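J.: Numbering (this note's numbering), first residue to last: 13 to 239.
The C-beta atom is built at its ideal place from N, Cα and C for all residues, glycine as well.
Note that the structure is a prediction, hence the values are computed from the model and not measured.
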Ligand code: ADP
Ligand code: MG
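See the structure below:
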């Protein structure tokens, strides 16, 4: 699904910062992979490139066999909308919209009628154990509940790939565990490929493969046996 070959990225804000120094990585369809590394090692930079939110300077990135390079914003947006779901540390929910409206939002952008999208969104909330919270606003919910809403929103458009940047970064360890269990369940039940950035070893250990990042390079890849 993801094929990265010798990816380089330098930021030019003040003095040049060579953040990615030749990344080679393959992620297979249906896999559940984490990227772990210290703060500032380039994890988010790589995730943004994979999510076509940012460009790279050198190398090759293929997504589902298609070379992702020099796309227009319209082309990138189309691929993102059709294929990729995003989950963030800070949830990125709209605070003035209910849980149901937040989850239904991607369907609004697809031109699906309100009645239909609300019915589908309620199904997804139900699957994530949040049916009774449909009419609540984000600030009435706990961190774990908000992240479940964000996950429901990310899967409602049936992406092939979910990119999660520190999805448990703002949560306590029990709630982190719940969120990881849900991501695992979504990976198994929907076959959605998961790429998760984390700096927590206990989070990474719940994925199938840990890609260890150090100073803009992959230092090792560990296979994890899951029961
Ligand atoms: P991580 O996610 O592993 O903490 P990042 O990929 O966010 O690391 O950042 C890697 C380095 O690049 C950091 O030193 C960060 O300050 C820098 N950086 C990130 N984004 C930008 C940007 N848009 N412009 C300039 N420097 C950036
Ligand atoms: Mg980061």
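Starting from residue 221, follow the beta strand (DSSP E) in both directions and report where the run begins and ends.
T.: Taken as a continuous stretch (DSSP letters only), the beta strand (DSSP E) holding residue 221 covers 221 to 226.
J.: For residue 87, count the other beta carbons within 10 Å of its own beta carbon; 16 or more makes it buried, fewer makes it exposed. Which is it?
T.: Answer is exposed; the Cβ neighbour count stays below 16.
J.: Starting from residue 112, trace the alpha helix (DSSP H) in both directions and tell me its first and last residue.
T.: Its alpha helix (DSSP H) spans residues 111 to 120.
J.: Starting from residue 78, follow its DSSP beta bridges and name the residues at the other end.
T.: DSSP lists 75 as partners of residue 78.
J.: When the distance is taken between beta carbons, is residue 98 closer than 8 Å to residue 166?
T.: In this structure, residue 98 lies closer than 8 Å to residue 166 by Cβ.
J.: Where residue 109 and residue 115 are concerned, what is the direct C-alpha to C-alpha distance, given to the nearest angstrom?
T.: The straight-line gap from Cα to Cα measures roughly 10 Å.
J.: Would you call the region 156 to 164 and the region 65 to 81 in contact, with 3 or more CB pairs under 8 Å?
T.: No contact exists between the region 156 to 164 and the region 65 to 81.
J.: If I measure Cβ to Cβ from residue 17 and keep anything under 7 Å in the same chain, skipping five residues before and after, which residues do I get?
T.: Excluding positions up to five away in sequence, the list reads 36, 71 and 72.
J.: Please state whether DSSP places residue 131 in a helix, a strand or coil.
T.: In the structure shown, residue 131 sits in a helix (DSSP, three-state: H, G or I).
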